[in-house]
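These notes are about the structure you will find just below.
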Ligand SMILES: Cc1cc2nc3c(=O)[nH]c(=O)nc-3n(C[C@H](O)[C@H](O)[C@H](O)COP(=O)(O)OP(=O)(O)OC[C@H]3O[C@@H](n4cnc5c(N)ncnc54)[C@H](O)[C@@H]3O)c2cc1C
Ligand SMILES: Cc1cc2nc3c(=O)[nH]c(=O)nc-3n(C[C@H](O)[C@H](O)[C@H](O)COP(=O)(O)OP(=O)(O)OC[C@H]3O[C@@H](n4cnc5c(N)ncnc54)[C@H](O)[C@@H]3O)c2cc1C
Ligand SMILES: Cc1cc2nc3c(=O)[nH]c(=O)nc-3n(C[C@H](O)[C@H](O)[C@H](O)COP(=O)(O)O)c2cc1C
Ligand SMILES: Cc1cc2nc3c(=O)[nH]c(=O)nc-3n(C[C@H](O)[C@H](O)[C@H](O)COP(=O)(O)O)c2cc1C
Ligand code: FES
Ligand code: FES
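Chains as they are written, first to last, in this note's numbering: chain H, 1 to 246; chain X, 1001 to 1246; chain D, 2001 to 2316; chain L, 3001 to 3316.
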């Protein structure tokens, strides 16, 4: 874990209540599904935000404005800097053999961003995941084209039917031919994914929890699993399907 | 009383640990000896600072860096803005007949700034006060030339003798021919002034006190006088000699 | 006052309807004068004036004020004009600038003083509520505050209540709100004792004991060494105490401590407050109560609240 | 550790010399592992590890964390590996990265649990002090914390002290530091009770009760509703309690609560602290203790302090 004053390269709105911020990066190795923890002026605790994408020189994050911290964050301007801890969390292991030939990647709302980096990494390893994204409405939709530019098939569900299929991600996907799945989004969606996907299919779920530290020191984010207590910030945020106690 | 976001026109060091800040002004009427109360980012209470000088469009303040607030203030840059309440306090009444033909104006250290505006106003009314200024050393000296540019005679005492007379303001002045006096500076100096000046001479003393509000609401700054309790921020900071209980 | 878009901010405090729950806290609003010069203070729900004692008092030596991270410490020591001064000079002034009932904050160092001051102020027409500040040290009991012992708290509450009831026929039986100190092991125990003794309402909380040391002198900043800590920093403490007390009493609670924005007002009400006092924030931004009252309707809309009173205790 | 320019930061805590007074507070430093990856934790005076109970515990339901102005609320509920886990897994790990005595923070829900856990940990070689956290609810006394009643505080302190003394010949009679809760009417009364019962030192303070409400859900943020408030916001409360307690006891005090910079350390020591714990600040800036230790010498120089121990209680 490092502490960096990352430069803000850009910070722009990309959908309703949704912003993309590009930060300078020093090349530290990252994994999809990991997150950074951001110190905002005037707020005591840091804000955990998933790494959406990265390269040698930049990190991209996408955040929804849901409270005072993210509302303040949207007013940060390019050229300024921001204090971050990174990389945090276990992230997805794209070398896991259980992923197989036909993984499905399912993201909902604020859970979509980490799925982009995951897909890019999966594609880099020669895999072609099916992507299913869920949003409340087309106004809150983002990055569909970006996913398609990776050469992937993208199915979209919107709750109000304003784009793609009306309904939830689970209304779009079928587990008929998939070998594994990855999912990140609201807890209701995670549960629905677990019920929908055939028992034998390997799955990786990304969880959110209110955090004190984000690096394993405070036990603020613990979660009971079949293998004992795990810290969402350290042994998570990605948990394997079979260990999760719903 | 008004609340303004004043623009910082300049903020520069003028002596050791001493800074001059020029702020935009909206023409609100001011009196010498009044003060402004400054909200600094990251500090709860405002900082009271005397008005040193002003015209239709600007207010000048001079402050010493003595703690975390003033240390932060010195880093404010021109072009930015600062939240102030003004005008505060009673200030000096330059139309008071008791001032007479030969007032003496005595300032020490951080008590020098309000004396400049006072002198300018006295001069504007045709009076030619004798100015006596005290500093710890020549390194902390400021505004001597500015006072002289008003056409006034300025005597200086420094504690280490690095400029002017070695010693205190009271070593420089004599009450032989003065009709009244004005003084602002550390409490020890104020007391010495009271002892030095002949009993019959009218005098006005400017006091400092830790303040909650600065506008009379909290009773944080009260001071017992012969005429009852007075709030330094409201009925002060200028008290008349005869009412002061030493 | 009905805000825009049919939001309703009215609440009822011990039988008196407030246009909105916002009440400047005692000791941070003087007798209203300094603020009436800045805005029309009739927009307030009411205000609580400076703690009044039997005789006029200078209070504690200075320095009386220290700064803290997001807060301040005060040790004013109840400087006030005394009950005569308040009745003869302050209340007539208040009546010129404020046309609502005012909350009379009463302090004392003996039971008799509380009874006398509360009784006399309750007879004043503009006084709507007596707010009994029982955080003061009890001179007859070794300086321990009345408010730190349930028995003492009940004793002073009961005595004042009886005195107020005795003046019913003169219109002097005003509702009695007891203001509690947070510096206790279990504030809800004191609250229950006061309720049983006849309190019509409670204000929670007064200042939290705190101190700062001046590194340059190596001495406490405040002349009295330890003082009362308040401001945004103490909001979570106040919320917790209001929440716990709400579960134990039936009388209304006035929430106080750290409130500085409309969101804080909503939290305080959801925790269980009927009225919400704003203290130290007035000292830094004298227009804060006006700003909060103006911003409340849009915050209510944001959280889907039509009638503010509906959220009182909603977090339980 | 002797800083630059002949500043001396050494202090003595219950017979053990610390290179400097800085001690990460229990619950904010885990068992040191996460921090040892960031800096050499041997620069610390010592550290207090996560509160340990008889059995391993998952703790409270989540959310366990809420944010406050300049602070946070936690309700972790003593998640820990249990005394066996600590002895068999954590202490061996600690010995690899830390070559000083460590402070063992002990919790319990019954007197027997305290005695057992404290006794077993005191027998561990690397354990230098037992820090008894008596803020836990007492399951045998209706959930009231041991630390809110002087008699109960003395009872648990005395029982643990006796058990430690009984293992003197095995080297298990380690100094006993009792960590007090601030949620009491008079902390110095509890402190005196613990001193009389045999405490060798005191840590003041644990977290202050507090709560926040989530306006979007209208419910308390924390699953357990009320939690423990800490961080820079509570510094004035901790300073006041250390100051008052210093005047009542002869045993050393470890100051804790809101410390986040070297100036806070100096204030805490002037108020009466021998050691200074840093809690919540570690969570936001994991290098904070290192930064404080590095900055202390220049701050000492600024205020003309040569030996840090000379300022202990200097504000009295
Ligand atoms: C591992 C992880 C990855 C995340 N990745 C993203 C992402 O890529 N994009 C995105 O939009 N959001 C993401 N979130 C959620 C994001 O952290 C919260 O939306 C954000 O902290 C809200 O801050 P606020 O100040 O606006 O809200 P407030 O409600 O004002 O925040 C108050 C406190 O609660 C915490 N908090 C509030 N909501 C959440 C939440 N859902 N999860 C965790 N803590 C919360 C805040 O961090 C803060 O401490 C992630 C959360 C976690 C745990
Ligand atoms: C009416 C009045 C006029 C003043 N005019 C000037 C001036 O023109 N130039 C100048 O350099 N200084 C002036 N001062 C003093 C100035 O207010 C303090 O030096 C300043 O507030 C210190 O702030 P700090 O954050 O650097 O110090 P800190 O010690 O960190 O401040 C902590 C708290 O103590 C208060 N405080 C500290 N020292 C003083 C003090 N001497 N008087 C009042 N409050 C204090 C601060 O306002 C703050 O609330 C004046 C004070 C008063 C009351
Ligand atoms: C300067 C000052 C003076 C106060 N005087 C009184 C008082 O006279 N009577 C009283 O009951 N409370 C008094 N208080 C306490 C406040 O009314 C309020 O209970 C406390 O400050 C907590 O609220 P806050 O955090 O919003 O300031 C005073 C507070 C301050 C800051
Ligand atoms: C997340 C968290 C967990 C804590 N766990 C413990 C604990 O296990 N045992 C204990 O005695 N104190 C515990 N505390 C209290 C701290 O040790 C400390 O007393 C308190 O936080 C005040 O210090 P601070 O303001 O520097 O955080 C915990 C505090 C936090 C924030
Ligand atoms: S947030 Fe502190 S351990 Fe996970
Ligand atoms: S500082 Fe508040 S009355 Fe003077």
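Glycine is no exception: its CB is placed at the ideal position from the N, C-alpha and C atoms. None of the values given here were measured: they were computed from a predicted structure.
Would you report the Cα separation of residue i and residue j, rounded to the nearest angstrom?
i: residue 3101 (chain L); j: residue 3132 (chain L); result: 16 angstroms
i: residue 3214 (chain L); j: residue 3223 (chain L); result: 11 angstroms
i: residue 89 (chain H); j: residue 126 (chain H); result: 25 angstroms
i: residue 1072 (chain X); j: residue 1040 (chain X); result: 8 angstroms
i: residue 3292 (chain L); j: residue 3315 (chain L); result: 21 angstroms
i: residue 2114 (chain D); j: residue 1213 (chain X); result: 28 angstroms
i: residue 1104 (chain X); j: residue 3024 (chain L); result: 58 angstroms
i: residue 1028 (chain X); j: residue 1091 (chain X); result: 14 angstroms
i: residue 3057 (chain L); j: residue 3264 (chain L); result: 34 angstroms
i: residue 1236 (chain X); j: residue 1242 (chain X); result: 14 angstroms
i: residue 1148 (chain X); j: residue 38 (chain H); result: 54 angstroms
i: residue 1221 (chain X); j: residue 3070 (chain L); result: 27 angstroms
Would you kindly check if the distance between the Cβ of residue j and the Cβ of residue i is under 8 angstroms?
i: residue 2288 (chain D); j: residue 2272 (chain D); result: no
i: residue 1058 (chain X); j: residue 1009 (chain X); result: yes
i: residue 3207 (chain L); j: residue 209 (chain H); result: no
i: residue 2020 (chain D); j: residue 2296 (chain D); result: yes
i: residue 1033 (chain X); j: residue 1172 (chain X); result: no
i: residue 3028 (chain L); j: residue 124 (chain H); result: no
i: residue 1094 (chain X); j: residue 1130 (chain X); result: no
i: residue 2060 (chain D); j: residue 2077 (chain D); result: yes
i: residue 3108 (chain L); j: residue 2239 (chain D); result: no
Measuring from the CB of residue i, is there a heavy atom of ligand 6 at a distance below 7 angstroms?
i: residue 1217 (chain X); result: yes
Return the first residue and the last residue of the beta strand (DSSP E) that residue i is part of.
i: residue 1087 (chain X); result: 1081-1088
i: residue 1048 (chain X); result: 1047-1050
i: residue 3017 (chain L); result: 3016-3018
Where do the ends of the alpha helix (DSSP H) carrying residue i lie?
i: residue 2047 (chain D); result: Here residue 2047 (chain D) belongs to no alpha helix (DSSP H), and DSSP marks it neither H nor E.
i: residue 2282 (chain D); result: 2281-2284
i: residue 2059 (chain D); result: No alpha helix (DSSP H) holds residue 2059 (chain D); DSSP gives it neither H nor E.
i: residue 1195 (chain X); result: 1187-1196
i: residue 2117 (chain D); result: 2111-2122
Does at least one heavy atom of ligand 5 sit under 7 angstroms from the Cβ of residue i?
i: residue 84 (chain H); result: no
i: residue 234 (chain H); result: yes
i: residue 221 (chain H); result: yes
Does ligand 4 have even one heavy atom less than 7 angstroms from the beta-carbon of residue i?
i: residue 2133 (chain D); result: no
i: residue 3266 (chain L); result: no
i: residue 3280 (chain L); result: yes
Using a threshold of 7 angstroms, is the CB atom of residue i nearer than that to any non-hydrogen atom of ligand 1?
i: residue 3241 (chain L); result: no
i: residue 247 (chain H); result: The requested residue 247 (chain H) does not occur in the structure, where chain H is confined to residues 1 to 246.
i: residue 3227 (chain L); result: no
i: residue 298 (chain H); result: This structure cannot settle anything about residue 298 (chain H), because the visible part of chain H is limited to 1 through 246.
i: residue 183 (chain H); result: no
Should residue i be listed as close to ligand 3, given that the test is whether its C-beta is under 7 angstroms from any heavy atom?
i: residue 2074 (chain D); result: yes
i: residue 2025 (chain D); result: yes
Please indicate yes or no: does the CB of residue i lie closer than 7 angstroms to some heavy atom of ligand 2?
i: residue 1187 (chain X); result: no
Would you say the segment 181-189 of chain H touches the segment 3246-3260 of chain L, given that touching needs at least three Cβ pairs under 8 angstroms? no
Taking 8 angstroms as the threshold, find out whether the segment 3148-3164 of chain L comes into contact with the segment 3175-3185 of chain L through three or more Cβ pairs. yes
Could you tell me whether the segment 2121-2128 of chain D touches the segment 2030-2040 of chain D, using the rule of 3 or more Cβ pairs below 8 angstroms? no
Hey, is the segment 1105-1121 of chain X in contact with the segment 1129-1136 of chain X, meaning 3+ C-beta pairs nearer than 8 angstroms? yes
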